[in-house]
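Trainee: Residue numbers (this note's numbering), protein chains in the order written: chain A, 1 to 262; chain B, 1001 to 1412.
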């Protein structure tokens, strides 16, 4: 693990160039350019608002601005997380030439995929930040200090899973489709369009999803100015750390077989 | 001195699974259950394994140029992939001291949509340079490639040759302690190939260690004093390149025969100089090629054709018993025919392939063909380049003369 990290730091220029390539290609090939960074989160947020509008119409309550702000925050984080897993899981099989012809620390590929998603996330988040400032949505409280920590845990969780999934996709070609299907439906068991409190006694069950406490926490401190549910955040952090360790451990263990199995 | 060894390969073996393993979970999960249920398929998998390398050992000293030769599938690429760390050996150890750069495929890692400039940075970092290092070497890389005018064009618009030139230029500027080169010289035009060889020579002179894998035997002989020959994953010969090349040529001439007529076949071909059987000759030597033909039934009338190809399989010349004024021969069952071609070996240095045909000229029909019947290696002492050695001599008169020009415009 330490050796792997040292190698990664040692080759940071390569990591930078691979991530830069991902971004450059994506924006070069499409007319829309940076609109891509906004499109997917915008679709998710719109879908969330429609769902929530339907819910509030049935219960006879008005949809509040805060609720819309909450869905925006959560939709953005979900788009980053799902995009990270989607792009990183195919990052090794998408570069067969580099995997079989040149030696380099291969964890660079999934990590670079996450970095490029992080840039998209940054663009979208910046836009949302401006909108929140103008519309005075969101709570400018000290609780915002939780945001970097919560995001760091989200990134760690994504990285751990990305390492495992990218290797699994290399060895088993059908994992790619499995990942697609799971990501498509995981939005229903993750509190993106709803809040876990709506499920009352089932709330804790939903919180077992390690992404749930993080998303809920981000909504709480950004939109409502209250502290995240710390025991559950600690649980997520523990899962993220374990995923990260397991990700690096197994990735490095399987790496010698990559070139002959791809 | 132990510190001078930059690469140590010790008893390295590599086993591959033949064919597809479990490529998908759909196949893998049932097989796991089958294993649990006790239906072992161990015997089936053992049959599907093969050893790409067996017990290969060698050492390289700092500053040495080292050649690896062998037929396709002999394990050349595998040993390079093990040295670079792309794969890990099944058994044995590989020890590398120093920065290693490999040119296993030129331009691997280029992205077609990026410009030449962007790809230099991308490929450079892939090969182990830092961005600051590339900033410093950028101009030299572009100049060597000769692509200054196209540097901001996406490489998908490049020709294959331009692609290879840019790839080699980046790799040659990595300044590695150990440079591994696999077959890159087979791309690009002659001018660029020669520049590559020159560049590699200067890298070697600069003190780097070079491992060179090629089918271009001439380049191996020119660049590498020491080589190994791989055959079926094992070292068949090791030592000075000349001896290893000889071993390679001897083993390869044993292959490649195919009889076209059921009755008539080339039974033996032997090449000798002054009655010594050999495969390495000096340019200008007189050589004799003996061809033996056997017949198992009534034969058509035939002539023996001899042709010689160079290492690019360009036919250098051909002749035949017919051209030389010997009438066509017919054989009956059990009869033999033999003839000897005498040649002045006025060829320049390099590898040459001798082929033999049994040919019926009046109906233009090939009865048997053997190629390469013999492969030889020609050494030149004189400075001739090319295919031919017409033994040039120089006669010069007087001392260097300055020619005065009356026309100012042509002076410059």
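Each residue gets a CB set at the ideal place from its N, CA and C atoms; glycine is no exception.
Whose C-beta lies closer than 7 Å to the C-beta of residue 1070 of chain B among residues of the same chain, with five residues either side of it excluded?
Mentor: Taken in chain order, the residues that qualify are 1076, 1229, 1230 and 1231.
Trainee: Pick helix, strand or coil for residue 59 of chain A, following the three-state DSSP scheme.
Mentor: Helix, per DSSP.
Trainee: Who are the Cβ neighbours of residue 199 of chain A in its own chain at under 7 Å, not counting the five residues just before and after it?
Mentor: For residue 199 of chain A, where only same-chain residues beyond five positions count, the Cβ hits under 7 Å are 206.
Trainee: Output the residue ranges of the alpha helix (DSSP H) runs that lie fully inside the stretch 148 to 225 of chain A and measure 4 residues or longer, sorted by chain position.
Mentor: Listed in chain order, they are 175 to 189, 203 to 207 and 211 to 219.
Trainee: So, helix, strand or coil for residue 13 of chain A, using DSSP?
Mentor: The answer is helix: DSSP assigns residue 13 of chain A an H, G or I state.
Trainee: Here's a check: name, in chain order, each residue in its chain whose Cβ is nearer than 6 Å to the Cβ of residue 1043 of chain B, leaving out the five neighbours to either side.
Mentor: The pLDDT assigned to residue 1043 of chain B is 46, lower than 50, so where the model puts this residue is not dependable, and the model offers no usable value.
Trainee: Considering residue 74 of chain A, what are the terminal residues of the alpha helix (DSSP H) in which it resides?
Mentor: 65 to 89 is the span of the alpha helix (DSSP H), which, as asked, contains residue 74 of chain A.
Trainee: On a Cα-Cα basis, can you pick out the residue from A:215, A:146, A:180 and A:94 that is closest to residue 190 of chain A?
Mentor: Closest option to residue 190 of chain A, Cα to Cα, is A:215.
Trainee: Closer than 7 Å, Cβ to Cβ, to anything on chain B: give me those residues from the stretch 76 to 109 of chain A, in chain order.
Mentor: Of all residues in the stretch 76 to 109 of chain A, 97, 98, 100, 101, 102, 103 and 104 have a Cβ within less than 7 Å of some Cβ in chain B.
Trainee: Applying the criterion that 16 or more other CB atoms from any shown protein chain within 10 Å of the CB defines a buried residue, is residue 304 of chain A buried or exposed?
Mentor: The requested residue 304 of chain A is not part of the displayed model; chain A covers only 1 to 262.
Trainee: In three-state terms, what does DSSP make of residue 248 of chain A?
Mentor: It is helical.
Trainee: Which residues in chain B sit within 7 Å of residue 256 of chain A, going by Cβ to Cβ distance?
Mentor: Correct list: 1087 and 1088.
Trainee: Output needed for residue 1089 of chain B: all residues of its chain with C-beta closer than 6 Å, excluding positions within five of it in sequence on either side, in chain order.
Mentor: Taken in chain order, the residues that qualify are 1012, 1014 and 1082.
Trainee: Where does residue 177 of chain A land, buried or exposed, given buried means 16+ other C-beta within 10 angstroms?
Mentor: By the 10 Å Cβ count, residue 177 of chain A comes out exposed.
Trainee: Determine the extent of the alpha helix (DSSP H) in which residue 130 of chain A is found, giving its start and end residues.
Mentor: Here the alpha helix (DSSP H) through residue 130 of chain A covers 108 to 135.
Trainee: Which bits of chain B does residue 21 of chain A rub up against, with CB to CB less than 9 Å?
Mentor: Ordered by position in chain B, the residues that pass the 9 Å Cβ test against residue 21 of chain A are 1111, 1114, 1118 and 1122.
Trainee: From the DSSP output, which residues share a beta bridge with residue 1037 of chain B?
Mentor: According to DSSP, which records beta bridges pairwise, residue 1037 of chain B is partnered with nothing at all.
Trainee: Taking the beta strand (DSSP E) that residue 1157 of chain B belongs to, which residues open and close that run?
Mentor: Neither: residue 1157 of chain B is in no beta strand (DSSP E) and is coded neither H nor E.
Trainee: Could you work out which residue in B:1058, B:1052 and B:1113 is closest to residue 1087 of chain B when comparing CA atoms only?
Mentor: Ranking the options by Cα distance to residue 1087 of chain B, first place goes to B:1052.
Trainee: Just mark residue 12 of chain A as buried or exposed, buried being the case when its beta carbon has 16 or more other beta carbons within 10 Å.
Mentor: So residue 12 of chain A ends up on the exposed side.
Trainee: Using DSSP's beta-bridge definition, name the partner residues of residue 1339 of chain B.
Mentor: B:1291, per the DSSP bridge assignment.
Trainee: Rounded to whole angstroms, what's the CA-CA distance from residue 1256 of chain B to residue 1354 of chain B? Just pull it up for me.
Mentor: Only weak support is given to the placement of residue 1256 of chain B: the predicted model assigns it a pLDDT of 48, under 50, and the value that follows is read from those uncertain coordinates. Their backbone Cα atoms lie some 12 Å apart in a straight line.
Trainee: With H, G and I counted as helix, E and B as strand and the rest as coil, what does DSSP make of residue 1256 of chain B?
Mentor: Per-residue confidence for residue 1256 of chain B stands at a pLDDT of 48, beneath the threshold of 50, marking its modelled position as unreliable; no derived number is given.
Trainee: DSSP on residue 243 of chain A, reduced to helix/strand/coil?
Mentor: Helix, per DSSP.
Trainee: Nearest chain A C-beta to residue 1412 of chain B closer than 7 Å, yes or no?
Mentor: Because residue 1412 of chain B carries a pLDDT of 43, less than 50, the predicted location of this residue cannot be relied on, and no value is offered for it.
Trainee: Check the Cβ of residue 1023 of chain B against every Cβ in chain A and list those closer than 9 Å, keeping chain order.
Mentor: Under the 9 Å cutoff, chain A gives 171, 172, 173, 174 and 261.
Trainee: Can you name the residues of chain B whose CB is closer than 9 Å to the CB of residue 25 of chain A?
Mentor: Going along chain B in sequence order, the residues near residue 25 of chain A (Cβ under 9 Å) are 1111, 1113 and 1114.
Trainee: Which residues, in order along the stretch 5 to 20 of chain A, keep a beta-carbon less than 7 Å from a beta-carbon of chain B?
Mentor: Flagged, chain order: 13, 14 and 17.
Trainee: Compute the Euclidean distance between the alpha carbons of residue 225 of chain A and residue 1174 of chain B, then round it to the nearest angstrom.
Mentor: Between residue 225 of chain A and residue 1174 of chain B, the C-alpha separation is close to 53 Å.
Trainee: Tell me the residue span of the beta strand (DSSP E) that contains residue 1228 of chain B.
Mentor: Start and end: 1226 to 1231.
Trainee: Can you tell me whether residue 104 of chain A is buried or exposed? The criterion is at least 16 other CB atoms within 10 Å of its CB, across all chains shown.
Mentor: Per the 10 Å Cβ criterion, buried.
Trainee: On the DSSP bridge list, what partners appear for residue 1297 of chain B?
Mentor: Residue 1297 of chain B is not bridged to any residue.
Trainee: Any beta carbon from chain D within less than 7 Å of residue 252 of chain A's own beta carbon?
Mentor: Looking at the structure shown, chain D is missing, and the protein chains on hand are A and B.
Trainee: Among the residues of its own chain, which have a CB less than 6 Å from the CB of residue 132 of chain A, if the five just before and after it don't count?
Mentor: These residues qualify, in order along the chain: 138.
Trainee: Going along the chain, which residues of its own chain have a beta-carbon closer than 7 Å to the beta-carbon of residue 1128 of chain B, five neighbours each way excluded?
Mentor: Within the same chain, residue 1128 of chain B has close Cβ partners 1099, 1101 and 1174.
Trainee: Would you say residue 1108 of chain B lies against chain A (beta-carbon separation less than 7 Å)?
Mentor: Closer than 7 Å: yes.
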